[in-house]
Amino acid sequence: MTTHEVRNQPPPFGGYDLLAGDPALVAALDRWSPSRGDVTELARLAATSDPARWADQADTYPPVLRTHDAVGNRLDEVDYHPAYHALMTVAVGHGLGAEPWLANAGTGAHVRRATGFYLWSQVENAHLCPVSMTYAAGPALRHTPALAGEWLPRLASRVYDPRLVPVADKAGAIVGMGMTEKQGGSDVRANTTTATPDVAGPLGSDSVRLTGHKWFCSAPMSDGFLVLAQGPDGLGCYLLPRVLPDGTRNAFAIQRLKNKLGNRANASSEVEFAGTWATPVGEPGRGIRTILDMVAATRLDCILGSAATIRQALARAVHHTQHRAAFGATLIDQPLMRNVLADLAVESEAATLLALRLAHAIDEGESDFARLGVAIGKFWVCKRTSPAVAEALECLGGLGYIEENGLARLYREAPLNSIWEGSGNVNALDVLRAITREPASLAALAKECALARGAISLVDTAIDEIESVSTQAYAADAPWLARSLVERLALTLQASLLVRYAPPEVAEAFALTRLGPDRGLTFGTLPAAIASGAPGRILIDRATPRR
Ligand SMILES: Cc1cc2nc3c(=O)[nH]c(=O)nc-3n(C[C@H](O)[C@H](O)[C@H](O)COP(=O)(O)OP(=O)(O)OC[C@H]3O[C@@H](n4cnc5c(N)ncnc54)[C@H](O)[C@@H]3O)c2cc1C
């Protein structure tokens, strides 16, 4: 610079070991997985400069739709920037697809994969949408063993192969999902897409022809899609291959790509089906039941992705405040900034721990606990992400609002996990459904929380109240109260996990400020004794990224 010297500005964020520098994550991985697998290697790769560049490029140069070729034939292809494929190659190549469903029980495969997903989400979230759907398709496909036999090994493969060729010719495949239609949205019972049996079809004697549309269909270059459509027995779940066994393209008209707030590296499309071939998955007319097995797994990824987003935003805030001074002190040493960072750190640890505990529940087959825990976690952790990221962004001042600094991309991404796979209200109402129709799920949650009894009186009181809070789910006015009920259960579950697995100072800070009377409505409202004392020091230390 000829006019001035650039100083008091932070060095570029980067080179941090996202695993070693995240004590809550390391402890969860080591507690619930007998080995770290190649998660350490993934963390090392994430710390290098290439992935950060891919993330910027994939976000800056979004996918482009080509509906027709030069002479007017339908093409229906999406071109991605090479950086997107580089990100996908790493994600699939490190087992973030459906691999855990083929692993032996007790091997911690879901926790290892969850840790990898959490780490790689911090590099770039958007491309993980198809990776998540590929993971989640596993349990749904198992409803039809013949389909699972053909598809699951390919969805579990570590080979990323983006070519549009018959699935039988591929070592690795990607799967998407199509539930949402214009007139129905969350209420998929209103779907109008039809499935008409045609025994002469190319997918065997149970081939159907789909006619209709999907209003949102992400990752339209996937090899297959699980879709809901009205069949002869009611709403069914169907598997739609993009390429038919003879190599010809299935009818799959991509009308346009959505112009999205964030999540730009991922293509989300509107599609139309006109005589599109598909084949049933699961029992006829039980499509919602079948696809819910997929949705439960994508919801877990929403929790993981949101926890990762909070963690990455916090790491960037700590990095910045370590290197910037104002009013005579480094920002990280200013009392009020320390309060904000410590409060964000409490939120981050609680989110990370809950996400990994739920992945462990999948490994252990704790289906009752997972049923309610995932519904609660999906509502709560995803809801907390936007305010947490906004606060972390503000720690950078004006720089936070500038795209190059990474926080802006996280901020644009932050609301999404709360919207898809069941928006907030739909999720909160699902918690009521779980409590009233599957009471074993509430019993499992209460049992889990009770393991934390005897350490902190505020947590004990919250555990005592689980039963009375939950009876509200049966009341006539339950829908009016669903959010406050879920919030209370989520905080109780998170507090109980922190009591059992986090340093006592972290658990106490959480209990006091989330369950006790000392609650502020913004981050940075911890009581002075907590923020300025040992809890504050420990919290910020655990949130500080390390090389
Ligand atoms: C980027 C992106 C990608 C997507 N990709 C896919 C995809 O690949 N496949 C797919 O199938 N879908 C996809 N979706 C769609 C997404 O799952 C839906 O947008 C979401 O489920 C909500 O449905 P909707 O948009 O129709 O909203 P609506 O159903 O109209 O809901 C609008 C609002 O009303 C609330 N609401 C609904 N019912 C109730 C009720 N009974 N009481 C109180 N409040 C209620 C909801 O919580 C929501 O806040 C994607 C969405 C986005 C944004």
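At position 114 of the sequence shown (counting the first as 1) the number is 114 in the UniProt record's numbering, and the numbers step up by one without a gap.
Glycine is no exception: its CB is placed at the ideal position from the N, C-alpha and C atoms.
As the structure is a computational prediction, the values presented were derived from the model and not from experiment.
Handout entry: As assigned by DSSP and simplified to three states, the class of Glu-5
Key = coil
Handout entry: N- and C-terminal bounds of the beta strand (DSSP E) containing Thr-276
Key = 268-281
Practice task
Return the CA-CA distance between Ser-306 and His-127, expressed in angstroms with no decimal places.
Solution key: 14 Å
Problem - Pairwise C-alpha distance: Gln-472 and Ile-466 - result: 10 Å
Handout entry: Burial state of Ala-447, where buried means 16 or more other Cβ atoms lie within 10 Å
Key = The amino acid occupying residue 447 in the given sequence is Lys; Ala does not appear at that position. The residue in question, Lys-447, is exposed, as its Cβ has fewer than 16 Cβ neighbours within 10 Å.
Handout entry: Selection from Asp-343, Ile-402 and Gly-397 that minimises the alpha carbon distance to Pro-535
Key = Asp-343
Exercise for the section: Give me the Cα-Cα distance between Ala-47 and Arg-53, rounded to the nearest whole angstrom. Expected result: 11 Å
Exercise for the section: Indicate whether Gly-138 and Arg-299 have their beta-carbon atoms separated by less than 8 Å. Expected result: no
Handout entry: Distance CB(Tyr-16)-CB(Pro-545) smaller than 8 Å
Key = yes
Problem - Phe-216 beta carbon near ligand 1 (any heavy atom closer than 7 Å) - result: yes
Problem - Opening and closing residue of the alpha helix (DSSP H) in which Ile-538 lies - result: 534-543
Handout entry: Uninterrupted alpha helix (DSSP H) stretches inside the stretch 24-87 (no shorter than 4 residues)
Key = 39-46 and 49-60
Practice task
Give a yes or no on whether the C-beta atoms belonging to Ile-530 and Ala-543 are separated by under 8 Å.
Solution key: no
Handout entry: Where the beta strand (DSSP E) through Thr-196 begins and ends
Key = 194-197
Practice task
Select from Gly-406, Tyr-135, Pro-162 and Ala-296 the residue whose C-alpha is nearest the C-alpha of Ala-156.
Solution key: Tyr-135
Practice task
Could you pull out every residue in the same chain whose Cβ sits closer than 7 Å to the Cβ of Asp-198, ignoring the five residues on either side in sequence?
Solution key: Ser-207, Val-208 and Arg-209
Practice task
Since I believe Phe-327 is in contact with Val-486 (beta carbons under 8 Å), could you give me their beta-carbon distance rounded to a whole number of angstroms?
Solution key: That belief does not hold up - the Cβ atoms of Val-486 and Phe-327 are roughly 41 Å apart, past 8 Å.
Practice task
Report back the beta-carbon spacing between Leu-515 and Val-459 to the nearest angstrom; my notes put them in contact at under 8 Å.
Solution key: 7 Å
Practice task
Just list the beta strand (DSSP E) runs in the stretch 159-222, keeping only unbroken ones of 3 residues or longer that don't cross its boundaries, in chain order.
Solution key: 175-178, 194-197 and 208-218
Practice task
Look up Pro-241 in the DSSP assignment and say whether it is helix, strand or coil.
Solution key: strand
Handout entry: One or two residues paired with Val-227 in a DSSP bridge
Key = Gly-178 and Tyr-238
Exercise for the section: Give a single yes or no on whether Glu-413 has its beta carbon closer than 7 Å to a heavy atom of ligand 1. Expected result: no
Handout entry: Pair within 8 Å by beta-carbon distance, Phe-225 and Thr-180
Key = no
Exercise for the section: Would you check whether ligand 1 has a heavy atom nearer than 7 Å to the C-beta of Val-92? Expected result: no
Exercise for the section: Report all residues from its chain with a CB closer than 6 Å to the CB of Asp-518; omit the five preceding and five following residues, and keep chain order. Expected result: Leu-512 and Pro-527
Exercise for the section: Mark Lys-182 as exposed unless 16 or more other C-beta atoms lie within 10 angstroms of its C-beta, in which case mark it buried. Expected result: exposed
Exercise for the section: Write down every uninterrupted run of the alpha helix (DSSP H) in the stretch 439-505 whose length is 4 residues or greater and which is fully enclosed by it, in chain order. Expected result: 439-450, 457-464, 466-471 and 478-501
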